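Reminder that position 637 of the sequence shown reads as 677 in the working numbering, one-by-one numbering, no gaps.
All C-beta atoms in this analysis are idealised placements derived from N, C-alpha and C, irrespective of residue type, glycine included.
Note that this is a predicted model, so its numbers are computed, not measured.
Structure first, commentary second.
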Amino acid sequence: STMEETDREAVATAVQRVAGMLQRPDQLDKVEQYRRREARKKASVEARLKAAIQSQLDGVRTGLSQLHNALNDVKDIQQSLIDVNKDWRQSINTIENLKDVKDAVVQHSQLAAAVENLKNIFSVPEIVRETQDLIERGELLQAHRKLMDLEFSRDNLMYEQYRMDSKNTHDMNLIHTYFGDMQKLSEELAKQLWMVVQRSLVTVRRDPTLLVSVVRIIEREEKIDRRMLDRKKQTGFIPPGRPKKWKEKMFNILERTVSIRIEGTQADTRESDKMWLVRHLEIIRKYVLDDLLVAKTLLDQCFPPHYDIFNKLLNMYHQALSTRMQELAAEDLEANEIVSLLSWVLNTYKSSEMMGNPELSPEVDVNSLDPLISQNVVEQLLSKYMSTLTSNIIGWLRKALETDKKDWIKETEPEADQDGYYQTTLPAIVFQMFEQNLQVAAQINEDLKTKVLLLCLQQMNSFLTRYKDEAQLYKEEHLKNRQYPQCYVQYMIAVINNCQTFKESIISLKRKYLKTDMEDTLSISHTSMDATLDIIAKEGCSSLLDEVFMDLEPHLNELMTKKWLMGSNAVGTICVTVEDYFNDFAKIKKPYKKTMTLEAHRRVVVEYIRAIMLKRISFKNAEERKEGAEIMIKEAEQFRFLFKKLAAGSGEDTEGLCDIIEAIAEVIKLTDPSLLYLEVSTLVSKYPDIRDDHITALLTVRGDASRDMKQTIIETLDQGPSQPNPNYVPIFKEITVPTLTVPKLLK
41 STMEETDREA
51 VATAVQRVAG
61 MLQRPDQLDK
71 VEQYRRREAR
81 KKASVEARLK
91 AAIQSQLDGV
101 RTGLSQLHNA
111 LNDVKDIQQS
121 LIDVNKDWRQ
131 SINTIENLKD
141 VKDAVVQHSQ
151 LAAAVENLKN
161 IFSVPEIVRE
171 TQDLIERGEL
181 LQAHRKLMDL
191 EFSRDNLMYE
201 QYRMDSKNTH
211 DMNLIHTYFG
221 DMQKLSEELA
231 KQLWMVVQRS
241 LVTVRRDPTL
251 LVSVVRIIER
261 EEKIDRRMLD
271 RKKQTGFIPP
281 GRPKKWKEKM
291 FNILERTVSI
301 RIEGTQADTR
311 ESDKMWLVRH
321 LEIIRKYVLD
331 DLLVAKTLLD
341 QCFPPHYDIF
351 NKLLNMYHQA
361 LSTRMQELAA
371 EDLEANEIVS
381 LLSWVLNTYK
391 SSEMMGNPEL
401 SPEVDVNSLD
411 PLISQNVVEQ
421 LLSKYMSTLT
431 SNIIGWLRKA
441 LETDKKDWIK
451 ETEPEADQDG
461 YYQTTLPAIV
471 FQMFEQNLQV
481 AAQINEDLKT
491 KVLLLCLQQM
501 NSFLTRYKDE
511 AQLYKEEHLK
521 NRQYPQCYVQ
531 YMIAVINNCQ
541 TFKESIISLK
551 RKYLKTDMED
561 TLSISHTSMD
571 ATLDIIAKEG
581 CSSLLDEVFM
591 DLEPHLNELM
601 TKKWLMGSNA
611 VGTICVTVED
621 YFNDFAKIKK
631 PYKKTMTLEA
641 HRRVVVEYIR
651 AIMLKRISFK
661 NAEERKEGAE
671 IMIKEAEQFR
681 FLFKKLAAGS
691 GEDTEGLCDI
701 IEAIAEVIKL
711 TDPSLLYLEV
721 STLVSKYPDI
731 RDDHITALLT
741 VRGDASRDMK
751 QTIIETLDQG
761 PSQPNPNYVP
771 IFKEITVPTL
781 TVPKLLK
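Here it is as structure tokens:
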């Protein structure tokens, strides 16, 4: 059994412990000591066991007595329930009879409400009158207080009526009608509130308390709205005219006011004022900035924070502006108006003059404002601007040229610039127009500015071609009648000078308005413009020289004639005429004037040599040859002197040209015919473009060389070497020698 097992275990344990204690012989002496110790331990364990068993028994005893008590209690409760059950069954009938009392209670509460409201009910007409007076006197808070009392009475009566009999509309209508004037009062008060709200930005400066009162009234109404809606959820009843939603109405009124404020700033139309749009936009800018500053500094304090009044107003203004700008963008705007609008929308709106004003930050963050008009509309406006501008520029340029042409036939000289060079106003007008349009485009952005510059230069290019054609026509017209126009030379000089001005203006325009990386795109059109201008100037100069030589013609015809040999003043007149023309030509700008002087010098020499080659004279003897040659040398000197004077300061060496006349004179002057070949060959080696016919003509003028001699000289010359001056510009090749004609033979 378990007991025996336990005993066995105990004995085994004991044996083990004793064996552990008595391992060495000297430990046997302590056996008695060990026994006593074990006896003590045993006694203590037994005492602890006894105590545990004792407390266990006590607990069991207590538990039994409590169970006993509980049983008695259960019996008592059971008895009580039996009694209650009996009583309840008896009183069911009595409860049914209490319905009358319940009805009486409801009626009592209604009558109590009626009594409570009685004094109000009887004095409704009087309170309505008082409220009306208060509204008229502008004492809105008191008026609203009375209105609330009236509404409270009416609503409570209606509520009681509804509770008693929700189907009875007749009684409801009776109450509603009796309080009928009150509805009008509410509307009257609302009208006053909305007037204050409409003028809130003015009111807040003059009488902020009035605005605060209005906001308080709206807040009270909002509270009542909320209470009524809660009651409707519970009972299904809501008084007439609720919810009033005055806060929502207030925001609607503000929104309408903002829209009217912005639309109302357009005072003028294009018909009455060219600058109508600029003015309109400037007034908008000023109003909006002023309004928002007032809203931020003053208005904000009159409203509870949850109204977020400043941000709401900011959105209203932004919306109203966006609408207005879209309306304007849809109108048929002129080019400058498109620029004004875009510049305002893209730049002014977010600048420090408006939304970016430091006083509006941090509440207004320009970076988070939406664009006033879409990118798409901006693109449309820009392309409309470019096409309008293109046709405008074409028109302006055409008109400028027409006006300039009218000046060309005037009988007064053209204006001179500060350095005394003739000019017309054409380049100034053209570039002033370009500048204005570029400055305007720059207001919008870099990209548009570049586009406009390209447009201007492109139009300039085709304009210069027209200018060239007009100058050509001008010259042709003049040749039909050289007396007309009176100041042809001066205006042709002005045209030539304009070419130089145009060149400089194109460069400065590009320097001012073009980013360097764009240079390449333009260099082609620039080169072609420069080329056109050079052609105009060159043709102008040559037409002026034609003028000179037409006047010189009769005098050139006198050269190398009998009359000339006898002593004529042809060259003197030629020099005076050239000098006279060059007094005018002094008004030509440097690069062209220099070319002209050289060209005139060259042409005079060419004409002189041509006169020799015309064989108008054939010297009879050595005397005449000497005389003629000396006149030629003297005249070469006159030309040299003249052109030195004309080229003064230009540092051009034109000596060489007159040397040709002197070299020819030497051939004519030669007295020893045997040296003739040598002299001619020297001439040819210096001026290798001399042809055989030139030599023949020269020898004919000498008058002493036989046909054989001419033949021999020419044949021998063909084998000779030539050492021309490296700077020599061929001159003989443009001189033709007349062949024998019938009239000559008849002579």
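- Spatial neighbours of Leu682 in its own chain (CB-CB distance under 7 Å, excluding positions within 5 residues in sequence) are listed in chain order as Cys615, Val618 and Glu619.
- Annotation for Phe503: the continuous alpha helix (DSSP H) segment containing it runs Glu486 to Lys520.
- Comparing alpha carbon positions, the residue from Leu549, Asn213 and Tyr648 closest to Pro594 is Tyr648.
- The region 651-666 and the region 735-744 touch, with no fewer than 3 CB-CB distances between them shorter than 8 Å.
- Per DSSP, the beta-bridge partners of Tyr462 are Ala456.
- If the five residues before and after Cys527 are omitted, its C-beta is found closer than 6 Å to the C-beta atoms of Glu453, all from its own chain and listed in chain order.
- In the structure shown, Val237 adopts helical secondary structure according to DSSP, grouped into three states.
- The beta carbon of Val237 sits closer than 7 Å to those of Val254, Met290, Ile293 and Leu294, all from its chain and outside the five residues before and after it, given in chain order.
- DSSP places Glu179 in the coil class of the three-state scheme, outside both helix and strand.
- The C-beta of Trp448 has 16 or more other C-beta atoms within 10 Å across all chains shown, which makes the residue buried.
- In the displayed model, Met473 falls within a helix according to three-state DSSP.
- Here Asp444 is buried, its C-beta having at least 16 other C-beta atoms within 10 Å.
- A Cβ-Cβ distance of about 11 Å is found for the pair Leu605 and Glu670, leaving them out of contact under the 8 Å criterion.
- Residue nearest to Val720 within the set Asp758, Asn397 and Glu170 is Asp758 (criterion: CA-CA distance).
- Cβ neighbours of Val645 within its own chain (closer than 6 Å, five residues either side excluded): Leu697.
- With fewer than 16 other Cβ atoms from the protein chains shown falling within 10 Å of its own Cβ, His346 counts as exposed.
- Excluding five sequence positions before and after Gly580, the CB atoms of its chain that fall closer than 7 Å to its own CB belong to Ala511, Met532, Val535 and Ile536, given in chain order.
- Membership of Leu715 in any alpha helix (DSSP H) is not indicated, and neither H nor E is assigned to it by DSSP.
- Leu229 places its beta carbon 9 Å or farther from that of Leu190.
- One alpha carbon belongs to Leu121, the other to His216, and they sit about 55 Å apart.
- For secondary structure counted as the alpha helix (DSSP H) over 4 or more consecutive residues, the region 278-312 holds these complete runs in sequence order: 286-303.
- Closest by C-alpha distance to Glu262, out of Phe277, Trp286 and Leu495, is Trp286.
- Counting every other CB atom within 10 Å of its CB across the protein chains shown gives Lys70 a total below 16, marking it as exposed.
- By the neighbour-count criterion, in which 16 or more other beta carbons inside 10 Å mark a residue as buried, Met590 falls on the exposed side.
- Taking a 10 Å sphere around the C-beta of Ser414, we find fewer than 16 other C-beta atoms and assign the residue as exposed.
- Under the DSSP assignment, Gln56 falls in the alpha helix (DSSP H) whose first and last residues are Thr42 to Met61.
- Secondary structure note for Asp331: its alpha helix (DSSP H) is the uninterrupted segment Trp316 to Val334.
- Rounded to whole angstroms, the Cβ separation of Val588 and Tyr632 is 15 Å, and the two are not in contact under 8 Å.
- With fewer than 16 other beta carbons inside 10 angstroms of its own, Arg177 counts as exposed.
- By the beta-carbon neighbour count (other beta carbons within 10 angstroms, threshold 16), Arg245 is exposed.
- If you draw a 10 Å sphere on the C-beta of Trp234, you find 16 or more other C-beta atoms in it, and that means buried.
- When DSSP states are grouped into helix, strand and coil, Val616 belongs to the helix group.
- In this structure, Ile730 lies away from Lys750, with their beta-carbon atoms at least 9 Å apart.
- If you draw a straight line from the Cα of Lys82 to the Cα of Lys115, it is about 51 Å long.
- Here Thr756 is exposed. Its C-beta has fewer than 16 other C-beta atoms within 10 Å.
- In the DSSP annotation of this structure, the continuous segment of the alpha helix (DSSP H) that includes Phe681 starts and ends at Ala662 to Leu686.
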